[in-house]
Structure formats: structure tokens, C-alpha cells
């Protein structure tokens, strides 16, 4: 599997890097928004809980025994308290699941970007090394010959001049 010829130039490389950086910035923004939402949800749950505490401070007199208004008020306070608990639980769940997954996605994207840059630099270095190769060496490489780096002797590895096999000079 190869890379599209449309994505093999310098402009395409810059566009890919721009896209990766933009995605990382977006993930950072998303994380910040989620953290802010969690903070606001917890504050709202705390505010609702304080409303419930304040609402329960009604005078307990015998005049209110059996009152439908009192019963409705107690039911409303229970529902507000349940809502506060649900909001807090939801905030905890968003923090434990969504933010952690977002953090791991950010780390994966960052790692992928680093690997892409390293691979691009490696390929660019190989390309520049081959493009500045001396003409004699280029001719030998094109003819299928290579120079052995260890003992300095030339060794024919393939090509039309090597019909009998490998020969050493």
C-alpha cells in the first residue's frame, strides 16, 4: 500500500502537519470545555443541595400537619435533591470516562504526529543523501553494483555484467 501521489510534495507535508496540529488544538479545547462543564455541573449540584437545606428549615408547627402545600413542598425538595445527586453523578461519570478517553486520544494523536514527522525526516534524509550521491556511485548503483562498506572492495550483486554470479575484485 502506497501513499497517494497527491500527498507526496512539500505542500502536502505541510498540510498534513497543519491538520494534525489543528486536531491537537481541537482536542485541547474539547478537554477544556469538558472540564469547565464538569466544574459548572458540580457547582450547580452544590447550589441545588443548599436550596434543599434551606427549604427544609421551615417551621415545624402543628398548624402545617396534613397540609397539601407542605406535602407538595417536601416532594419538590426531594426531587431537587435527587436532581442534584444525578447531576453530580453525571459530572463524575463524564470526568472518569470522557475526559480520560479524550486524554488518551490526545496522547495517541501526539504520538502519531511524532512518528509521522520522524518518518518524513528519515525519508527526506535518505532522498537528499541519494540525490547528492557522486555520479560514479550513482552509475554503479543504477547498474546494480554496490560498494561494500566493510572491506572497501566492490562487489557486483546483480545486473547484466554478472551472468555467472557474484564476483569480487
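Numbering (the UniProt record's numbering), first residue to last: 1 to 169.
Yeah, the Cβ is synthetic: ideal placement off N, Cα and C, and Gly gets one too.
No experiment lies behind these values; they were computed from the predicted model shown.
Separation of residue j from residue i, as counted between CA atoms
i	j	result
residue 89	residue 128	58 angstroms
residue 41	residue 87	6 angstroms
residue 53	residue 34	29 angstroms
residue 12	residue 91	41 angstroms
residue 161	residue 130	With a pLDDT of 49 at residue 161, under the threshold of 50, the predicted position of this residue should be treated as unreliable, though the coordinate-derived value follows. Taking the straight line joining both Cα atoms gives about 23 angstroms.
residue 43	residue 20	35 angstroms
residue 62	residue 100	53 angstroms
residue 148	residue 119	Confidence at residue 148 is low in this model, with a pLDDT of 49, below 50, so its placement is unreliable and the value that follows should be read with caution. Those two C-alpha atoms are separated by around 26 angstroms.
residue 126	residue 18	24 angstroms
residue 81	residue 66	22 angstroms
residue 93	residue 45	14 angstroms
residue 36	residue 98	13 angstroms
residue 51	residue 57	10 angstroms
Beta-carbon gap between residue i and residue j smaller than 7 angstroms
i	j	result
residue 24	residue 114	no
residue 55	residue 77	yes
residue 31	residue 102	yes
Range covered by the alpha helix (DSSP H) that runs through residue i
i	result
residue 20	10 to 55
As assigned by DSSP and simplified to three states, the class of residue i
i	result
residue 112	helix
residue 65	coil
residue 148	Annotation note: pLDDT 49 at residue 148 (below 50); position unreliable, coordinate value reported separately. Coil at residue 148, not helix or strand.
residue 1	Note that residue 1 has pLDDT 44, beneath the 50 cutoff, so the model's placement of it is unreliable and no number is given.
residue 171	Residue 171 falls outside the range modelled here, since the chain spans only 1 to 169, and no answer is possible.
residue 132	coil
Assumed close pair residue i, residue j - CB separation to whole angstroms, cut-off 8 angstroms
i	j	result
residue 107	residue 84	Not confirmed; about 34 angstroms, so no contact.
residue 38	residue 95	5 angstroms
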